[in-house]
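Here the UniProt record's numbering is used: the first residue of the sequence shown is 35, the next is one more, and so on.
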Amino acid sequence: NRPADWWRSAVVYQIYPRSFCDSNGDGIGDIPGITSRLDYLIDLGVDVLWLSPVYRSPMDDNGYDISDYQDVDPLFGTLEDLDALIAGCHERGLRLVMDLVVNHTSDEHPWFVESRDPSSPKRDWYWWRPARPGHEPGTPGAEPNNWGAAFSGPAWHFDETSGEYYLHLFSPKQPDLNWENPEVRQAVYAMMRWWVDRGVDGFRMDVINFISKDVTLPDGPQGPGQPHGSAFPGSANGPRLDEFLAEMNREVGLSDQHLLTVGEMPGSTIEVARRVTDPARDELNMVFTFEHVDLDVAPGGLKWDLADLPLPVLKRNLESWQVGLADVGWNSLYWNNHDQPRAVSRFGDDSDEHRVHSAKTLATVLHLHRGTPYVYQGEELGMTNAGFDEIGHYRDIESVNYHAAALVLGIDPETVLRSLAVKSRDNARTPMQWDDTAYGGFTTGEPWLPVNPNHKTINAVAAQADPRSVFAHYQSLIELRHTHPVVVDGRFELLLPDHEQLWVITRTLGRDRLLVLANCSSYAVAAPSDELPPLDGAEVLLATHPGSTGLDLAPWESRIYALK
Ligand code: TEU
Ligand code: CA
């Protein structure tokens, strides 16, 4: 029931279950809540639902630390609830993609519990290493190596049971699986087949380029004053990545069954993506690159070290991926997810004056690139960053740990709070804003994370009633993709690459030629007519400012033209 390559013309909607819709008043979103909102997704027009983890988990990293891959955590509901959601999707023509988190498990997974016994047959399912006294992780000359973990601290944790250390690239409660061990790989494939048999239509694969590491576990670069070295490049994009992905594809029937597969690949390059998404290699359909969401970082700094981002730098990065994958493979397209701040606050202008236009224009630009677009819950409403101004509001382990570590490093609290306000993952995790009632209609209880007070005006009910809403604009973009092959397959070209305010692209397929003219700034700008194709007589397919036709563009004004 899945045609070949169906995912090339699809639009994927990501749901972070904890924050989408609470059906039982405990303040935490759940699976029955999602099922109750499927008609909203049909109204938006999306084709696929990517569900962030709902598996049994201690919730150290909000479900990306899994203790049972084949059961649903009671917080989110039951396996029967999930079967009902899958059925609810399929009867509406929606497809459901699960989040596959297999670079690591929870430390409470039975596999790891068993592995802690040095004599158990599962000892080699994880990365266990000794460290000589005086060379403990985090000390100069650290053993097994100098890697730091993504959520602060060393990437090695001491285990009393065996007196050895285990590797965790994320929290100590997320031990890395050893994919060099064929037993690990077969256990993962068996679990994947179990989900495919249950009716899922694909997988989003969490940090999947980390499953192949440099098995010598070499030290990473360590700047002066940095307590740990980088886990890159040793922990990712290793020599067996293609081998493992091709084996997974064969063993699970990913290509045979036309399943949608998207690999999340922090630190991957276009060169890796060309290999991994090459259809002839039967590995994955597409990957999530991190290059464009790592651009607004001070050189050599962490995500918290803020830097401005000139538009030409952003434009050229997306262009490089368009060009790099034009003749082989396929792109994913995203501004947001549960790990990134809200696009309209980060790349747009979330002031009352410009929020709607900038959200629409950012969507127009992204959705007119070549690839499969991903819409993150609330992005279609123009939801904004959280606006938290005290550490007590934050819940995310990455943010809370960074705050503590930064204070120890002597960084002043105001700077830390400023960094969190701009980049914390909690910015994307405030509850979905359904209506203007208490807690935005997300819950009848106390929400696990504060609801943004702007839900009074930014909410789904208001948006669905307003033909000029961001929601309506996303509906039009999705409809355009479903009705115009040039949007899916047209050759991409970036015009005026160095212009600081204008983002101008064309898409060409046979005689069909679209042009996007976008003012991605909060200032009016005059587009240089001599550097644009002739626009007179061209049809405007979608515009933020209907009726506005001249080349003097208002702040955040954009138009999609069908050229003659
Ligand atoms: O994210 C991978 C990842 O690298 C992100 O943690 C990213 O580097 C960071 O959040 C940016 O600040 C995946 C999941 O999407 C994320 O939610 C998990 O925390 C992580 O893997 C571990 O499973
Ligand atoms: Ca609930």
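For glycine and all other residues, C-beta sits at the position ideal for the given N, C-alpha and C.
Note that the coordinates shown come from a computational prediction; the quantities given were computed from them, not determined experimentally.
Range of the contiguous beta strand (DSSP E) that encloses residue i
i, result
"PRO407", "406 to 410"
"ILE49", "46 to 49"
"VAL296", "294 to 298"
"SER538", "According to the sequence provided, residue 538 is Val. The question's Ser does not apply to it. Its beta strand (DSSP E) spans residues 536 to 543."
"GLU480", "No beta strand (DSSP E) contains GLU480, which DSSP labels as neither H nor E."
"ILE594", "592 to 596"
"PHE526", "525 to 529"
Residue interval of the alpha helix (DSSP H) (run including residue i)
i, result
"ALA552", "Element bounds for ALA552: not the alpha helix (DSSP H) but the beta strand (DSSP E), 546 to 553."
"LEU275", "275 to 286"
"MET225", "216 to 231"
"GLN498", "494 to 498"
"PHE505", "504 to 517"
"LEU396", "389 to 401"
"VAL310", "304 to 310"
"PRO144", "144 to 149"
"ILE431", "431 to 442"
Proximity to residue i [Cα-Cα], best of the options
i, options, result
"LEU529", "PRO519, ARG541, PRO407, VAL521", "ARG541"
"HIS489", "ARG129, HIS507, THR464", "THR464"
"PRO519", "TRP40, CYS123, ARG232", "TRP40"
"GLY254", "PHE244, GLN260, LYS247, GLY268", "GLY268"
"residue 2", "GLN291, GLY287, THR295", "Limits of the chain in this structure are 35 at one end and 598 at the other, which puts residue 2 out of reach."
"ARG90", "ASP77, ASP193, PRO144", "PRO144"
"residue 601", "PRO37, CYS55, ILE49, VAL45", "Given a span of 35 to 598 for the chain in the structure shown, any question on residue 601 remains unanswerable."
"VAL399", "ASP586, TYR47, PHE526", "PHE526"
"HIS326", "ASP316, PRO375, GLY287", "PRO375"
"ASN371", "ASP64, GLY122, ASP133, ASP73", "ASP133"
"GLN230", "SER433, GLN509, MET282", "This sequence places Val at residue 230; Gln is not what is there. Comparing Cα-Cα distances from VAL230 to each of SER433, GLN509, MET282, the minimum goes to MET282."
"ALA184", "VAL378, PHE204, PRO344", "PHE204"
"LEU85", "ASP500, SER264, PHE110", "PHE110"
"PRO216", "TYR160, LEU340, VAL378, MET239", "TYR160"
"VAL559", "GLY571, LEU569, TRP590", "TRP590"
"ARG42", "ARG227, ASP430, PRO407", "PRO407"
"MET226", "VAL135, GLY479, LEU575", "VAL135"
"ASP570", "TYR428, ILE245, PRO155, LEU549", "LEU549"
"ALA265", "PRO258, SER101, PHE244, ASN319", "PHE244"
"ARG219", "ALA572, LYS156, THR478", "LYS156"
"residue 603", "GLN467, ARG404, TRP355, ILE431", "Because the chain is modelled from 35 through 598, residue 603 falls outside the range shown and cannot be assessed."
"LEU543", "ARG404, HIS124, LYS207, ASN351", "ARG404"
"VAL574", "PRO258, ARG547, ASP95", "ARG547"
"residue 15", "VAL131, VAL504, SER592, ARG36", "Given a span of 35 to 598 for the chain in the structure shown, any question on residue 15 remains unanswerable."
"SER140", "LEU443, ASN96, THR195, LEU415", "ASN96"
"LEU454", "ARG71, GLY426, LEU72", "GLY426"
"residue 599", "LYS457, TYR508, VAL495, PRO51", "There is no way to answer for residue 599, as the model of the chain reaches only from 35 to 598."
"PRO37", "SER289, ALA462, GLU285, ILE49", "SER289"
Residues bridged to residue i [DSSP beta-bridge criterion]
i, result
"MET132", "LEU85, PHE237"
"GLU194", "According to DSSP, GLU194 bridges with nothing at all."
"ASP210", "HIS138"
"PRO188", "GLY182"
"LEU415", "The partner list for LEU415 (beta bridge, DSSP) is empty, contrary to what the question assumes."
"LEU201", "TRP190"
"TYR160", "LEU211"
Any C-beta of chain C under 8 Å from that of residue i
i, result
"ILE492", "Structure shown: chain C not included; a single protein chain is present."
Fill in: Contiguous beta strand (DSSP E) assignments of at least 3 residues, all confined to the stretch 312 to 380
320 to 322, all fully within the stretch 312 to 380.
Worksheet item: Listed in chain order, which residues are found with a beta carbon closer than 5 Å to a heavy atom of ligand 2?
Response: Residues with a Cβ closer than 5 Å to any heavy atom of ligand 2, in chain order: ASP56, ASN58, ASP60, ILE62, ASP64.
Worksheet item: What beta strand (DSSP E) runs, 3 residues minimum, are completely inside the stretch 559 to 586?
Response: Segments of the beta strand (DSSP E) lying fully in the stretch 559 to 586: 573 to 577.
Worksheet item: Quick one: complete alpha helix (DSSP H) runs, 4+ long, within the stretch 49 to 113?
Response: Qualifying alpha helix (DSSP H) stretches, in chain order: 65 to 69, 72 to 78.
Worksheet entry | Within the stretch 447 to 478, ranges of the alpha helix (DSSP H) (whole runs, at least 4 residues) | The stretch 447 to 478 contains, as complete alpha helix (DSSP H) runs of 4+ residues, the segments 447 to 457 (chain order).
Discussion item. Runs of 4 residues minimum, wholly inside the UniProt region "Disordered" (251 to 270): which ones carry the alpha helix (DSSP H) assignment?
Written reply: DSSP runs (the alpha helix (DSSP H)) wholly in the UniProt region "Disordered" (251 to 270): none.
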